[in-house]
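Note that the UniProt record's numbering has the sequence shown beginning at 8, numbered continuously upward.
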Amino acid sequence: LQAETEAALAAAGDLRALDAVRVGTLGKSGTLTALLKGLGQVPAEQRKERGAALNRLKGALEAAIESRRVELDAAALEARLLAERMDVTLPPRPFPPAGPEAGAIHPIGRTVEELTAIFGAMGFGVAEGPDIEGDWFNFGALNIPDHHPARQDHDTFYLPAGPDGRRPVLRTHTSPVQIRTMLSQEPPLRVIVPGRTYRADHDATHSPMFHQVEGLVIDRGITLAHLKGCLIDFLRAFFGISDLPVRFRASYFPFTEPSMEVDIGWNRKTGELGKAKGGDNDWLEILGSGMVHPKVLANCGIDPREWQGFAFGMGIERITMLKHGIPDLRPFYESDVRWLRHYGAPV
Ligand code: PHE
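#1: Between the C-alpha atoms of residue 271 and residue 253, what's the straight-line distance to the nearest angstrom?
#2: Going by the C-beta, is residue 126 closer than 7 Å to any heavy atom of the ligand PHE?
#3: Are residue 28 and residue 15 close, meaning C-beta to C-beta below 8 Å?
#4: Below 8 Å between beta carbons: does that hold for residue 246 and residue 125?
#5: Residues in its own chain within less than 7 Å of residue 166 by CB, not counting five upstream and five downstream?
#6: Bridge partners for residue 316 per DSSP, in chain order?
#7: Would you mind reading off the limits of the beta strand (DSSP E) that contains residue 341?
#8: I need the DSSP call for residue 177, collapsed to helix, strand or coil.
#9: Does residue 279 come out as helix, strand or coil in the three-state DSSP assignment?
#10: Taking its Cβ as the centre, do 16 or more other Cβ atoms sit within 10 Å of residue 222, making it buried, or is it exposed?
#11: Does the Cβ of residue 36 have 16 or more other Cβ atoms within 10 Å, making it buried, or fewer, making it exposed?
#12: So, at 7 Å on beta carbons, what are the nonlocal neighbours of residue 235 in its own chain, with the 5 sequence-adjacent residues on each side left out?
#13: Return the first residue and the last residue of the alpha helix (DSSP H) that residue 326 is part of.
#14: Apart from the five residues just before and just after residue 188, which ones in its own chain have a Cβ nearer than 7 Å to its Cβ?
#15: Taking the straight line between their C-alpha atoms, what separation do you get for residue 180 and residue 325?
#16: Taking 7 Å as the cut-off, is the beta-carbon of residue 221 closer than that to any non-hydrogen atom of the ligand PHE?
#17: Can you grab the Cα-Cα spacing for the pair residue 362 / residue 106, in whole Å?
#18: May I ask whether a heavy atom of the ligand PHE can be found less than 7 Å away from the beta carbon of residue 295?
#19: Is the beta carbon of residue 61 closer than 8 Å to that of residue 43?
#20: So is residue 205 buried or exposed if we call it buried at 16+ other beta carbons inside 10 Å?
#21: What's the C-alpha gap between residue 333 and residue 109?
#22: Between residue 191 and the ligand PHE, is the CB less than 7 Å from at least one heavy atom?
#23: Using 8 Å as the Cβ pair cut-off and three pairs as the minimum, do the stretch 257-277 and the stretch 293-305 touch?
#24: Could you give the first and the last residue of the continuous alpha helix (DSSP H) run that contains residue 188?
#25: Measure the beta-carbon distance from residue 119 to residue 293 and round it to whole angstroms, keeping in mind my assumption that it falls under 8 Å.
#26: Beta strand (DSSP E) containing residue 263: first to last residue?
#27: Rounded to a whole number of angstroms, what is the C-alpha to C-alpha distance between residue 163 and residue 208?
#28: Where does the unbroken beta strand (DSSP E) through residue 294 begin, and where does it stop?
#29: So does residue 134 have its beta carbon nearer than 7 Å to some heavy atom of the ligand PHE?
#30: Determine the extent of the beta strand (DSSP E) in which residue 204 is found, giving its start and end residues.
#31: Tell me, please, whether the stretch 304-314 touches the stretch 225-233 by the rule of three or more beta-carbon pairs shorter than 8 Å.
#32: Skipping 5 residues on each side, what residues in its chain have a beta carbon closer than 8 Å to that of residue 137?
#33: Apply the 10 Å Cβ neighbour rule to residue 350 and answer buried if 16 or more other Cβ atoms are within range, or exposed otherwise.
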C-alpha cells in the first residue's frame with residue numbers, strides 16, 4: 008500500500024489530484040482507513056503488532072502527502088509568477104490621454120483652483136467641513152436661533168434626529184465651516200472654504216446641490232475697509248477686468264453686522280461684464296459679506312473686544328456662469344464631455 012500510494016503521489020500533478028489521493032487512502036472510506044477498521048477481526052495475538060504497523064504506515068503516508076503538497080504549492084506559485092510577469096522596461100502609454108480621448112477639468116474645479124490661487128496669494132489657506140452638519144453649526148452658532156425667520160429662507164434638507172434629539176442637516180451654506188475653523192484654530196485666521204451646499208430648491212436656475220466658497224478673516228483691528236479692499240481685488244482678478252465696477256449695498260445676515268451684498272457692473276444690453284456707458288450700465292448681485300457678528304465670535308470662544316473679522320460667501324456656479332458666459336445651470340451636473348471640454352480646463 009505504501010509503494011502504491013507513493014507512486015500515486017508522484018503522479019498527482021496538481022493540488023486537486025493530490026487531494027483525491029489523500030481521500031482515497033486516509034479518507035472515510037479510504038484504503039488505509041478500511042485496514043484500520045478491520046483490526047477488530049484480526050486475532051488478538053497479532054492485533055497489537057499489526058495496529059502499530061498500520062499506525063506507522065499512516066504517519067508515513069501523511070508525511071508523504073504533506074511534502075508533495077508543499078512541492079505542488081511551490082510549483083503553482085512559480086507558474087503564477089511566470090504568467091503574471093511584466094516588462095517594466097516597456098515605455099509608458101501617454102498620460103493624460105490626448106486627442107478625442109482626453110477629458111477636461113470640470114468648470115467648478117477650475118473655478119475652485121483659480122479662487123484658491125488668487126486668495127492664496129493674499130495669504131488665505133483652505134479649510135473644509137462635512138456636508139452633513141449639526142443644527143448648531145449650520146444655524147445656532149451663526150446667530151440663527153430656532154424659529155428665526157432666516158431658517159425659512161434656507162429650504163433645508165433635514166435628516167433623522169440623532170441621540171441629542173436634534174435633526175442634522177445637509178449644510179445650506181459653507182458658513183458652518185467659519186465656526187469649525189474658529190473653534191479649532193487660534194486667531195489670527197485667514198481661510199477660504201470651497202464646498203458643496205444643499206437647498207430643497209429645483210428649477211432652471213437652482214439645483215438642490217450647488218457649491219459655495221466662504222471666506223473668513225479674523226485678526227486685530229480688522230475693519231470694513233479690509234473687507235472692501237479684499238473683495239474688490241478678488242473680483243477684478245477673478246474676472247480679469249482691472250476696472251470692474253464693484254458696489255457694496257447694505258443688507259442683512261444674522262451672522263454679520265453690518266452686512267453687505269456686493270454687486271458688479273455689467274452692460275444690460277450686451278450682457279458683458281465691466282463698465283458700461285450711461286443707460287446700459289447695470290448691476291449684478293454676486294456675493295454676501297459682512298463683519299463677523301460679535302455674538303458669533305463669542306460663540307466660538309473668541310473675545311470680540313480683542314479680535315474682529317469679516318466673512319463672505321458666494322455661489323461658485325454663479326460666478327463661473329458669469330465669467331464664461333454659460334447660459335444654463337443644468338449642464339454642470341450632466342457630465343456631457345463636449346460641454347466639459349468647452350467650458351472646463353484642459354487636463
Ligand atoms: N452664508 C450666506 C449665504 O449662503 C453668505 C454669507 C457668508 C454672507 C458670509 C455673509 C458672510 O447666503
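For every residue, glycine included, the Cβ atom is placed at its ideal position computed from N, Cα and C.
All values derive from a computational prediction rather than experimental measurement.
For this structure:
#1: Within the sequence shown, numbered from 1, the residue matching residue 271 stands at position 264. Within the sequence shown, numbered from 1, the residue matching residue 253 stands at position 246. Using only the alpha carbons, I get a separation of about 5 Å.
#2: Against the sequence shown, residue 126 aligns to sequence position 119. No.
#3: What you label residue 28 is simply residue 21 of the sequence shown in a count that begins at 1. What you label residue 15 is simply residue 8 of the sequence shown in a count that begins at 1. Yes, these two residues count as a Cβ contact at 8 Å.
#4: Start at 1 with the first residue of the sequence shown, and residue 246 comes out as number 239. Start at 1 with the first residue of the sequence shown, and residue 125 comes out as number 118. Going by C-beta atoms, residue 246 is not nearer than 8 Å to residue 125.
#5: As a position in the sequence shown, residue 166 is number 159, starting the count at 1. If we look at residue 166 and ignore the five residues flanking it on each side, its Cβ neighbours are 139, 174, 175, 176.
#6: As a position in the sequence shown, residue 316 is number 309, starting the count at 1. In DSSP, residue 316 forms a bridge with 225.
#7: Translated into positions along the sequence shown, residue 341 becomes position 334. Residue 341 -> no beta strand (DSSP E), and no H or E assigned at all.
#8: Here residue 177 is taken as the residue at index 170 of the sequence shown, counted from 1. Strand, per DSSP.
#9: Position 272 of the sequence shown, counting from 1, holds the residue named residue 279. Here residue 279 sits in coil by DSSP.
#10: As a working mapping, residue 222 is identified with position 215 in the sequence shown. By the neighbour-count rule (16 or more Cβ atoms within 10 Å), residue 222 is buried.
#11: In the sequence shown, the residue the question calls residue 36 occupies position 29. It counts as exposed.
#12: As a first step, residue 235 must be located in the sequence shown, where it is residue number 228. So the qualifying residues of the chain are 255.
#13: Residue 326 sits at position 319 when you count from the first residue of the sequence shown. 323-331 is the span of the alpha helix (DSSP H), which, as asked, contains residue 326.
#14: Locating residue 188 in the sequence shown gives position 181, where the first residue counts as 1. 134, 196, 198, 223, listed in sequence order.
#15: As a first step, residue 180 is located in the sequence shown; it is residue number 173 there, counting from the start. As a first step, residue 325 is located in the sequence shown; it is residue number 318 there, counting from the start. Cα to Cα, residue 180 sits roughly 14 Å from residue 325.
#16: If you number the sequence shown from 1, residue 221 lands on position 214. Correct: residue 221 has its Cβ closer than 7 Å to the ligand PHE.
#17: No answer is possible for residue 362: the residues shown for the chain start at 8 and end at 354.
#18: Start at 1 with the first residue of the sequence shown, and residue 295 comes out as number 288. Answer for residue 295: yes, Cβ within range of the ligand PHE.
#19: If you number the sequence shown from 1, residue 43 lands on position 36. If you number the sequence shown from 1, residue 61 lands on position 54. Their beta carbons are under 8 Å apart, which means residue 43 touches residue 61 by this criterion.
#20: Counting from 1 along the sequence shown, the entry for residue 205 is found at position 198. When all chains shown are included, residue 205 counts as buried.
#21: Position 326 of the sequence shown, counted from the start, is the residue given in the question as residue 333. Position 102 of the sequence shown, counted from the start, is the residue given in the question as residue 109. Cα to Cα, residue 333 sits roughly 22 Å from residue 109.
#22: In the sequence shown, residue 191 corresponds to position 184, counting from 1. Checking every heavy atom of the ligand PHE against the Cβ of residue 191, none is found closer than 7 Å.
#23: yes
#24: Here residue 188 corresponds to residue number 181 of the sequence shown, with the count starting at 1. Where residue 188 is concerned, the enclosing alpha helix (DSSP H) stretches over 183-191.
#25: Looking up residue 119 in the sequence shown gives position 112. Looking up residue 293 in the sequence shown gives position 286. Contact flag wrong, Cβ pair sits at about 17 Å.
#26: By one-based count along the sequence shown, residue 263 stands at place 256. It spans 263-274 - the beta strand (DSSP E) in which residue 263 sits, taken as one unbroken run.
#27: Along the sequence shown, one-based indexing puts residue 163 at 156. Along the sequence shown, one-based indexing puts residue 208 at 201. Their backbone Cα atoms lie some 9 Å apart in a straight line.
#28: On the sequence shown, position 287 is the one that residue 294 refers to. Element bounds for residue 294: 288-299.
#29: On the sequence shown, residue 134 is found 127 positions in, with the first residue counted as 1. Result no, Cβ not under 7 Å from the ligand PHE.
#30: Along the sequence shown, one-based indexing puts residue 204 at 197. Per DSSP, residue 204 belongs to the beta strand (DSSP E) from 196-205.
#31: yes
#32: Within the sequence shown, the letter at position 130 stands for residue 137. Answer for residue 137: 178, listed in chain order.
#33: Residue numbering aside, residue 350 sits at position 343 when the sequence shown is read from its first letter. By the 10 Å Cβ count, residue 350 comes out buried.
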